[in-house]
Amino acid sequence: MVKRIQWYLRIVKLSGLALLMLWTVTPVYIIVSNAFRQTLDIKKMPPALIFTPFFKHFERLFALDNFLRYFVNSIVISVSVTFVTIAFGTLAAYGLKLFRSRVGERLSNLLLLGKLVPAITVLLPMYIIMNRLRLTGTYFGPILAHAAMGIPFITWIMTCFIRDIPNELLESATVDGCSRMRAFFHIIFPMLTPAIASAVILIMQFSWNELLFSLQLTNIDTYPLTVGIARYVGAISVDWGKSSAAATITIVPIIIVGFFMQKYLVSGMTAGAVKG
Amino acid sequence: MRSSRRSTYALSMEKGDLLPTLLMAPAVALVFFVMVVPLSYGVFLSLFNFEFGAFDLRKAFVGLRHYITFLGDETALRAVANTLMFSAGAIAGDFVLGTLAATFIHSFSRSIARFIRPIVTVPLLVSPIVVGLIWRYIYDPQGILYWLMDQVGIPFEAFPGVTSASTALLSTIIAHWWQVVPFMIIVLTAGLVSIPVELYEAAHIDGAGPVTAFFRITLPMLKDVYMVILLISGVDTIKVFDIIFALTGGGPNNSTVSLSMYAYSQGFANSNLSYAMAISVVVMTLTFVIFGIPFIRQNRNRNDR
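Here the protein sequences come in this chain order: G and P.
Note that the first sequence ends on residue 276 in the numbering used here; no numbers are left out.
Note that the second sequence ends on residue 581 in the numbering used here; no numbers are left out.
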């Protein structure tokens with residue numbers, strides 16, 4: 001009897017889990033499958049589960065709407081942001097580690113205050129400054145903006161990881177006549193590879209997915225994908241075929257990257273919160 | 277003891293040791309010139325009537341007039357209310373649903389938890405504007421949600437979604453939950469794993485039920501985790517822009533306009549940059565008062581301990 005109740009309970013729990021997974025995945029499936037449906041079929045209820053894929057929306061995006069360009073722009077922006085942020089953030093975190101006593105540790109949590117700054121508050125004056133410098137429409141706007149918004153957070157994540165490296169290790173390296181910069185490149189940096197992988201996926205997905213800065217600081221030649229989507233989304237109507245295809249082009253690459261770097265994505269998100 | 281002190285000294289900032297400062301210089305410089313300088317310039321310009329081209333500082337000075345306008349501007353006050361409601365609803369749901377889902381998943385074996393992890397991380401990687409777009413499709417009056425409701429016999433009026441001012445904000449909050457609750461699940465599951473099992477065993481021997489154990493052990497043990505989550509994810513709710521931009525565009529009847537959206541439309545659609553900056557300064561102040569001050573206080577306590 002008890003066994004049977006346990007068995008029922010297990011079934012109920014597993015179906016609960018299945019529902020949770022279904023709730024998580026269905027919305028993504030909806031938009032990706034719509035990208036392959038004819039415009040009329042997108043609006044047809046109930047949606048056909050089996051249908052012949054239709055590629056015209058993608059053809060139109062690439063042939064008429066310059067989406068290949070947007071795709072390249074997204075890559076240029078997010079890769080540059082990742083390089084700058086990781087380089088500056090890792091060096092700064094090492095700098096904090098080298099500070100006497102616990103000054104660095106005390107300071108490191110305050111880095112999170114950088115998260116408090118709203119994008120719109122930076123964007124409005126930055127738009128004026130960029131205009132004066134004639135830099136709107138170049139890659140500089142979004143790259144600088146994303147890097148500046150990301151650096152405090154990435155530095156904080158890196159200090160959480162660097163904290164685990166024992167001081168003794170650094171000390172023995174310096175005793176051996178290694179300069180502290182050589183110790184960084186030969187000892188710290190190799191030990192930090194997993195941490196850097198975590199930081200890379202976090203900052204890259206932030207930059208890839210960011211909309212607000214790019215919306216005002218780029219132009220038709222430098223639009224990233226998110227702005228490309230925004231241009232299909234009107235206040236009153238949406239071009240569902242094109243926007244679903246554009247959304248698919250935007251989310252599928254980063255979901256694939258995230259899938260392969262999943263371990264690092266999870267450790268990056270949990271490192272600061274759970275250890276810190 | 278002595279050796280550990282010496283080891284910190286060997287790494288320490290001796291007099292004239294510039295290396296730590298030099299290492300931090302590039303990051304500090306970039307954040308200073310791209311974030312701090314524009315912020316200060318923005319606060320400064322919010323006291324003027326800024327226009328491109330001819331801009332005479334003395335003539336254009338208006339003092340706090342934009343802030344006074346803000347206090348009498350119905351849409352602006354509506355945006356403040358919307359932003360606070362969105363933030364409160366979003367965070368409350370993230371925490372409650374996230375905690376429930378995390379404890380639920382934690383009750384399964386490790387291998388099941390590992391199996392579902394790639395699925396749970398998917399929404400985190402979806403751009404917020406795409407989240408808005410997806411949910412706009414779901415909430416479409418001729419769309420899938422209402423077809424489903426029709427199948428089970430729930431009338432449209434029971435949940436008019438984004439078409440009615442009464443439920444539009446809730447609809448945007450649900451879209452936000454879809455994206456952020458998975459983040460909570462990931463972080464809280466890691467937090468749950470870090471709690472020693474012995475605590476629960478002891479509680480069980482003392483006759484405490486699972487609910488008591490949850491409130492007496494789990495919640496207090498995860499307090500710091502919740503605080504960090506609040507700061508790395510909760511804060512974003514008060515700056516919400518993308519999801520609403522794609523999902524409702526602020527409508528119907530301004531019932532979903534957030535402060536960031538209002539500042540954006542004032543600045544770029546109405547070319548009223550100075551007023552927009554005043555609004556955005558209000559967003560920043562709100563963020564700081566609601567999240568910054570409690571965080572600084574908590575952080576100080578933690579260092580004193």
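Using N, Cα and C, we set each Cβ at its ideal position, and we do this for glycine too.
The alpha helix (DSSP H) with residue i in it runs from where to where?
{"i": "valine 559 of chain P", "result": "549-563"}
{"i": "arginine 180 of chain G", "result": "180-183"}
{"i": "glycine 365 of chain P", "result": "350-382"}
{"i": "arginine 134 of chain G", "result": "Note, arginine 134 of chain G: premise wrong, no alpha helix (DSSP H); not H, not E."}
{"i": "arginine 412 of chain P", "result": "404-414"}
{"i": "valine 2 of chain G", "result": "2-34"}
{"i": "lysine 115 of chain G", "result": "Here lysine 115 of chain G belongs to no alpha helix (DSSP H), and DSSP marks it neither H nor E."}
{"i": "proline 314 of chain P", "result": "313-321"}
{"i": "serine 387 of chain P", "result": "386-401"}
{"i": "glutamate 168 of chain G", "result": "167-175"}
{"i": "valine 428 of chain P", "result": "Segment: none, valine 428 of chain P is in no alpha helix (DSSP H) and carries neither H nor E."}
Do residue j and residue i come within 8 Å of each other at the CB atom, strictly closer than that value?
{"i": "leucine 113 of chain G", "j": "leucine 96 of chain G", "result": "no"}
{"i": "threonine 524 of chain P", "j": "valine 428 of chain P", "result": "no"}
{"i": "alanine 378 of chain P", "j": "isoleucine 461 of chain P", "result": "yes"}
{"i": "serine 207 of chain G", "j": "valine 81 of chain G", "result": "yes"}
{"i": "alanine 148 of chain G", "j": "valine 307 of chain P", "result": "yes"}
{"i": "phenylalanine 71 of chain G", "j": "proline 394 of chain P", "result": "no"}
{"i": "valine 398 of chain P", "j": "alanine 247 of chain G", "result": "no"}
{"i": "serine 536 of chain P", "j": "leucine 124 of chain G", "result": "no"}
{"i": "isoleucine 75 of chain G", "j": "leucine 401 of chain P", "result": "no"}
{"i": "isoleucine 392 of chain P", "j": "methionine 21 of chain G", "result": "yes"}
{"i": "valine 257 of chain G", "j": "isoleucine 201 of chain G", "result": "yes"}
{"i": "threonine 85 of chain G", "j": "isoleucine 151 of chain G", "result": "yes"}
{"i": "proline 404 of chain P", "j": "asparagine 209 of chain G", "result": "yes"}
{"i": "valine 233 of chain G", "j": "alanine 522 of chain P", "result": "yes"}
{"i": "phenylalanine 520 of chain P", "j": "serine 531 of chain P", "result": "Checking the displayed sequence, the identity of residue 520 of chain P turns out to be isoleucine instead of phenylalanine. Going by C-beta atoms, isoleucine 520 of chain P is not nearer than 8 Å to serine 531 of chain P."}
Comparing the C-beta of residue i with each C-beta of chain G, is any distance below 8 Å?
{"i": "serine 470 of chain P", "result": "yes"}
{"i": "phenylalanine 337 of chain P", "result": "no"}
{"i": "methionine 460 of chain P", "result": "no"}
{"i": "isoleucine 420 of chain P", "result": "yes"}
{"i": "aspartate 518 of chain P", "result": "yes"}
{"i": "isoleucine 367 of chain P", "result": "no"}
{"i": "threonine 379 of chain P", "result": "no"}
{"i": "serine 541 of chain P", "result": "no"}
{"i": "serine 547 of chain P", "result": "no"}
At a CB-CB cut-off below 8 Å, which residues of chain P make contact with residue i?
{"i": "tyrosine 70 of chain G", "result": "Chain P residues near tyrosine 70 of chain G: none, gap ~13 Å exceeds 8 Å."}
{"i": "leucine 113 of chain G", "result": "Gly568, Phe571 and Ile572"}
{"i": "valine 274 of chain G", "result": "Val463, Ala466, Gly467, Ser470 and Val501"}
{"i": "alanine 199 of chain G", "result": "Here the premise fails: no neighbours, minimum Cβ distance about 13 Å."}
{"i": "glutamine 262 of chain G", "result": "Arg393, Pro394 and Thr397"}
I'd like to know whether the C-beta of residue i is nearer than 8 Å to at least one C-beta of chain P.
{"i": "lysine 43 of chain G", "result": "yes"}
{"i": "serine 243 of chain G", "result": "yes"}
{"i": "phenylalanine 189 of chain G", "result": "no"}
{"i": "valine 240 of chain G", "result": "According to the sequence shown, residue 240 of chain G is tryptophan rather than valine. For tryptophan 240 of chain G, the answer is yes, since a Cβ of chain P falls inside 8 Å of its Cβ."}
{"i": "proline 152 of chain G", "result": "yes"}
{"i": "tyrosine 139 of chain G", "result": "no"}
{"i": "phenylalanine 259 of chain G", "result": "yes"}
{"i": "alanine 63 of chain G", "result": "no"}
{"i": "tyrosine 94 of chain G", "result": "yes"}
{"i": "threonine 218 of chain G", "result": "no"}
{"i": "valine 233 of chain G", "result": "yes"}
{"i": "asparagine 66 of chain G", "result": "no"}
{"i": "glutamine 205 of chain G", "result": "yes"}
{"i": "isoleucine 196 of chain G", "result": "no"}
Show which residues of chain P have a CB atom less than 9 Å away from the CB atom of residue i.
{"i": "isoleucine 162 of chain G", "result": "Residues of chain P passing the Cβ test: none, with the nearest at roughly 12 Å."}
{"i": "alanine 247 of chain G", "result": "Val402, Ser403, Ile405, Val406, Leu409 and Ile410"}
Who are the neighbours of residue i on chain G, taking C-beta pairs under 9 Å?
{"i": "phenylalanine 589 of chain P", "result": "One cannot answer for residue 589 of chain P here, as it falls past the ends of chain P, which runs 277 to 581."}
{"i": "tryptophan 423 of chain P", "result": "Met45, Pro46 and Pro47"}
{"i": "tryptophan 454 of chain P", "result": "Trp23, Thr24 and Pro27"}
{"i": "threonine 443 of chain P", "result": "By Cβ distance, chain G contributes nothing, its closest Cβ being about 19 Å from threonine 443 of chain P, past 9 Å."}
Give me the chain P residues within the contact set of residue i, using Cβ-Cβ distance strictly less than 7 Å, ordered along the chain.
{"i": "arginine 180 of chain G", "result": "Leu295"}
{"i": "threonine 270 of chain G", "result": "Ile462, Val463 and Ala466"}
{"i": "leucine 20 of chain G", "result": "Ala377"}
Since residue i meets chain G, which of its residues come closer than 7 Å, beta carbon to beta carbon?
{"i": "isoleucine 449 of chain P", "result": "Here the premise fails: no neighbours, minimum Cβ distance about 15 Å."}
{"i": "alanine 552 of chain P", "result": "Leu124"}
{"i": "serine 556 of chain P", "result": "Pro118, Ile120, Thr121 and Leu124"}
{"i": "methionine 560 of chain P", "result": "Val117, Pro118 and Thr121"}
{"i": "threonine 351 of chain P", "result": "Those within 7 Å of threonine 351 of chain P in chain G number zero; the least Cβ separation is about 16 Å."}
{"i": "tyrosine 476 of chain P", "result": "The premise fails here: tyrosine 476 of chain P is roughly 18 Å from chain G at the closest Cβ pair, so nothing lies under 7 Å."}
{"i": "glycine 525 of chain P", "result": "Ala235"}
{"i": "serine 536 of chain P", "result": "Pro118 and Ile120"}
List, in chain order, every chain G residue whose beta-carbon is nearer than 8 Å to that of residue i.
{"i": "lysine 515 of chain P", "result": "Pro118, Ala119 and Ile120"}
* **Within the stretch 491-541 of chain P, ranges of the alpha helix (DSSP H) (whole runs, at least 4 residues)** => 499-508, 518-523 and 535-540
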